[in-house]
Amino acid sequence: MQNFFLRRIFFPRRSTSYRRLAVRLTALILISFAWTNSSAETSIERGEYLTNILGCGGCHTEGALLGNPTGQWLAGSRIGIAYTEDLDDISPGIVFPGNLTADKETGLGRWSKDDIKTFLLTGMDHYGKQATTVMPWPNYAYLQDQDLDDIAAFLKQLAPIKQTIPASITAGAPVNNAFVRIGVYLFVPEEDTERRPNPPGELND
Ligand code: HEC
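In this note's numbering, the protein residues as written are 9 to 213.
Quick look at the structure:
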C-alpha cells in the first residue's frame with residue numbers, strides 16, 4: 009500500500025498533467041517535512057538518550073546497584089559503593105550516588121547547567137568537593153560540549169524528588185548503610201595467565 013503510493017510519487021507516469029505534478033510535488037514536500045521533523049530531537053530528548061546509554065541510572069537509582077531498581081529513576085541511591093579495596097574491611101570508605109533530580113535541598117536544584125558540565129568533566133562539584141572516581145567522571149570527561157549541554161538540559165528538567173542521600177563515609181568510620189563493592193571481585197584462574205589483566209598503570213605500555 010505505502011510502497012504503491014511512494015512509487016506513484018517518485019516515478020510518475022509520463023502522461024501526467026501539471027495539476028497532478030503539482031499534487032505530487034506537494035506530497036513530496038510534505039513527506040520530506042515529516043521526515044526531518046520526526047528525526048529532529050530536542051536537546052532534552054538527546055540528553056535522556058545519553059543518560060540512558062551512559063548508565064547513570066544504574067548507580068543513581070535506589071536498588072539499581074543490587075540489580076533491582078525500586079526507587080525513582082535518578083533520584084539517588086542510599087545503597088553505597090565501597091571505594092577502598094580490602095575485601096575483609098568491614099568499615100571501608102563508602103560513597104553514595106546522589107539524587108540527580110531538580111530538588112533544591114536533596115538534588116541538583118541549586119546546580120547550574122555549567123556546574124553539571126564541570127562536574128562531568130572534572131569531578132569537582134557545585135560545593136567545591138572533589139568526587140572519587142567511583143563516579144566515572146574520568147570517562148565522561150571525553151564527552152563533547154553538545155553532549156554535556158544535552159545531559160545538563162535533561163537533568164535540570166527532571167521533576168524534583170525529595171530524597172536525602174547519605175554523605176560519604178570515610179574509611180574506618182562505623183557503617184550503617186548497605187553497600188556494594190565495584191571492581192574488586194577479580195577471579196583469574198591460576199593456570200590461565202594469558203587472561204590476567206595488566207596491573208594498573210601498565211595498561212597503555
Ligand atoms: C558506577 C556508578 C555511577 C555511574 C554510572 C554514574 N555515577 Fe554519578 N556518582 C556516583 C557516585 C558514587 C557519586 C558520589 C561520588 C563521591 O562522592 O565521590 C556520584 C556523584 C555524581 C554527581 C555529584 C552530585 C551527587 O549527587 O553526588 C553527579 C552530578 C553525578 N554523579 C552525575 C552522574 C551522571 C550524569 C551520570 C551519567 C552520565 C553518572 N553520574 C553516572 C556513581 C555513579
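Glycine included, C-beta positions come from ideal geometry on N, C-alpha and C. Please read all numbers here as calculations on a predicted model, not as lab measurements.
Contact between the stretch 123-133 and the stretch 149-160 is present: three or more C-beta pairs spanning the two stretches fall below 8 angstroms. Judged by DSSP in its simplified three-state form, Arg-86 adopts coil rather than helix or strand.
Per DSSP, reduced to three states, the secondary structure at Val-31 is helical. Listed in chain order, the non-local C-beta contacts of Thr-114 below 6 angstroms within the same chain comprise Asn-107, Lys-170, Gln-171 and Thr-172, local neighbours out to five positions each way being set aside. Rounded to whole angstroms, the gap between the alpha carbons of Phe-162 and Ser-25 is 50 angstroms.
By the neighbour-count definition (other C-beta atoms within 10 Å, threshold 16), Thr-178 is an exposed residue. Counting only the Cα atoms, Thr-69 lies some 14 angstroms from Ala-110. Set against 8 angstroms, the gap from the CB of Asn-185 to the closest heavy atom of the ligand HEC is not smaller.
Distance from the CA of Ala-175 to the CA of Gln-138, rounded to the nearest whole angstrom, comes to 13 angstroms. Placement of the Cβ of Val-103 at a distance of less than 8 angstroms from at least one heavy atom of the ligand HEC is found. Within the chosen limit of 8 angstroms, the ligand HEC does not reach the beta carbon of Gly-79 with any heavy atom. Under the DSSP assignment, Phe-187 falls in the beta strand (DSSP E) whose first and last residues are 187-189. Within a 10 Å sphere around the beta-carbon of Tyr-91 sit 16 or more other beta-carbons, which makes this residue buried. The beta carbons of Ile-102 and Val-183 sit about 6 angstroms from each other, so the pair counts as a contact at 8 angstroms.
Within the DSSP secondary-structure output, Met-143 pairs in no beta bridge. Pairing Pro-100 with Leu-73 gives a Cβ-Cβ distance that is not under 9 angstroms. When the Cα atoms are used, Ile-190 and Leu-151 turn out to be separated by approximately 23 angstroms. For Ile-169, the Cβ stays outside the 8 angstroms cut-off from all heavy atoms of the ligand HEC. Burial check for Ser-120: the Cβ neighbour count within 10 Å stays below 16, so the residue is exposed. For Thr-114, the three-state secondary structure derived from DSSP is coil. Beta-bridge analysis with DSSP links Val-183 to no other residue.
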